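When we follow the working numbering, the leftmost residue of the sequence shown carries the number 1486, and every step to the right adds one. Just so it is clear, CB atoms sit at the ideal spot from N, CA and C, and this is done for glycine as well. What you are looking at is a predicted structure, and each value in this text was computed from that prediction instead of being measured. These notes concern the structure reproduced below.
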Amino acid sequence: MNKNKIENLEDEMRPEYDLSQLKGRVRGKYAERYRAGTNLVLLESDVQAAFPDAEAVNEALRMLMKVAPRQVQEQI
1486 MNKNKIENLE
1496 DEMRPEYDLS
1506 QLKGRVRGKY
1516 AERYRAGTNL
1526 VLLESDVQAA
1536 FPDAEAVNEA
1546 LRMLMKVAPR
1556 QVQEQI
């Protein structure tokens, strides 16, 4: 946003909202809980190039999960 746009913005906050009176304000208060509920995996660029989207990655991993237990049992 350029400086002119910032200067032209009007404060839309109602005057009865006094944010200085809010207690317990903590930035990122729920960030830890959010991270615990997500499962994010970063792919290397060569792996990423092989898959067009997340659905393709999931499909490939599901196929691998079906094959991998068989190979482990066959080696035993």
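Counting along the chain, Y1519 sits inside the alpha helix (DSSP H) bounded by residues 1516 to 1521.
Look at P1554 here: in three-state DSSP terms it is helix.
Comparing alpha carbon positions, the residue from P1537, A1516, V1542, L1504 closest to V1526 is V1542.
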